[in-house]
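As structure tokens, the structure follows; a few thoughts come after it.
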Amino acid sequence: MAVDPWQALSDELDLWAKPAEFWWRDDDAEAWTSALERLVEALEGIPFALAVIPARADGDLPGTILQHGWRHRNHAGQAEKKAEFGPHRCCEPMLAELEAGRERLQTLYGARFLPVIVPPWNRIAPVLAARLPAAGWQGLSVFRPRWSAFETNTHVDPVAWRARRCFRGEAGTLDDIATHLRARRLGRVDWSEPTGILSHHLVADARSFVFFRDLARFITTHPRACWRDPATFWPA
Numbered sequence: 002m003a004v005d006p007w008q009a010l011s012d013e014l015d016l017w018a019k020p021a022e023f024w025w026r027d028d029d030a031e032a033w034t035s036a037l038e039r040l041v042e043a044l045e046g047i048p049f050a051l052a053v054i055p056a057r058a059d060g061d062l063p064g065t066i067l068q069h070g071w072r073h074r075n076h077a078g079q080a081e082k083k084a085e086f087g088p089h090r091c092c093e094p095m096l097a098e099l100e101a102g103r104e105r106l107q108t109l110y111g112a113r114f115l116p117v118i119v120p121p122w123n124r125i126a127p128v129l130a131a132r133l134p135a136a137g138w139q140g141l142s143v144f145r146p147r148w149s150a151f152e153t154n155t156h157v158d159p160v161a162w163r164a165r166r167c168f169r170g171e172a173g174t175l176d177d178i179a180t181h182l183r184a185r186r187l188g189r190v191d192w193s194e195p196t197g198i199l200s201h202h203l204v205a206d207a208r209s210f211v212f213f214r215d216l217a218r219f220i221t222t223h224p225r226a227c228w229r230d231p232a233t234f235w236p237a
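Start counting the sequence shown at 2; every next residue gets the next number (our numbering).
What follows is the structure in structure tokens.
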């Protein structure tokens, strides 16, 4: 008999002594679009972070604003995984680009912008990441269980990137959420890091937006779950 993935997630949450925290990050934002509007409607008021590409940012955007690189331009070789801020480049020009992006987003969004780097493709050279605190950055957000308190990361991606960039489906996505929660509860990863949901509104299909709404409501109403406001993660 098939297991209901929503019930399996609820069963895992029931094992928590206090509510498990979640947060939401959406990447690749540039401008207000119908897809972004659909995301905002699906989330129904829960707080979220929007990773904005500074060089392409145009107009007002919702949410807590994080910095999504500079131009979202790949500098890796053809045989390498895509990266804008990978080990293929020297640190100084990368830091200069990040600073230019920070100045632009501060001008556009004021106090709603947090100096937190979300590197495109969730990849950043370790030597560059190590220099971020001294350069005035408050945090880093990628896709993995965090390695330090400087990071607050995402862990669940609903997109099947290798299969037509479509929605993976409820079962696989909910299983990933339950798996990360279980790892937190058992101390296999940092239990205090909220489970991060990563979305990309520009590639989300109709099924994705339905799932986003259902997940937002599920976490909001479950007695052992709650949403965290990403604006509280990185104090000045």
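Every residue gets a Cβ at the ideal spot worked out from N, C-alpha and C, and that includes glycine.
Please read these numbers as outputs of a predicted model, since none were measured by experiment.
- Residue 18 counts as exposed, since fewer than 16 other C-beta atoms from the protein chains shown sit within 10 angstroms of its C-beta.
- Proximity to residue 142 across 196, 37, 32 peaks at 196, based on C-alpha coordinates.
- A check of alpha carbon separations from residue 119 across 94, 27, 226 identifies 27 as the nearest.
- Listed in chain order, the non-local C-beta contacts of residue 64 below 7 angstroms within the same chain comprise 49, 50, 51, local neighbours out to five positions each way being set aside.
- Counting only runs of 4+ residues, the alpha helix (DSSP H) found wholly inside the stretch 130-206 occupies 171-186, in chain order.
- Leaving aside the five residues that flank residue 72 on each side, the residues in its chain whose CB is nearer than 6 angstroms to its CB run, in chain order, 56.
- Taking C-beta atoms under 8 angstroms as the contact rule, residue 151 and residue 40 fail to qualify, at a distance of about 27 angstroms.
- In this structure, the alpha-carbon of residue 47 lies about 29 angstroms from that of residue 165.
- A distance below 8 angstroms separates the beta carbons of residue 223 and residue 14.
- Per DSSP, the unbroken beta strand (DSSP E) holding residue 22 starts and ends at 21-30.
- Residue burial annotation: residue 53 is buried, with at least 16 other C-beta atoms found within 10 angstroms of its C-beta.
- By the Cβ test, the stretch 92-111 is not in contact with the stretch 159-179, since fewer than three Cβ pairs between them sit closer than 8 angstroms.
- Non-local beta-carbon contacts of residue 184 in its own chain, meaning distances under 8 angstroms to residues more than five positions away in sequence, involve 146, 190 in chain order.
- Across the structure, residue 4 and residue 11 are spaced so that their CA atoms are roughly 12 angstroms apart.
- With distances taken between CA atoms, residue 158 lies nearest to 201 out of 111, 201, 60.
- Annotation for residue 68: no alpha helix (DSSP H) segment contains it, though the beta strand (DSSP E) segment containing it runs 65-68.
- Beyond the five residues adjoining it in sequence on each side, residue 125 comes within less than 6 angstroms, by CB distance, of 86 in the same chain, given in chain order.
- Non-local beta-carbon contacts of residue 137 in its own chain, meaning distances under 7 angstroms to residues more than five positions away in sequence, involve 116 in chain order.
- Per DSSP, the beta bridge partners of residue 50 are 26, 65.
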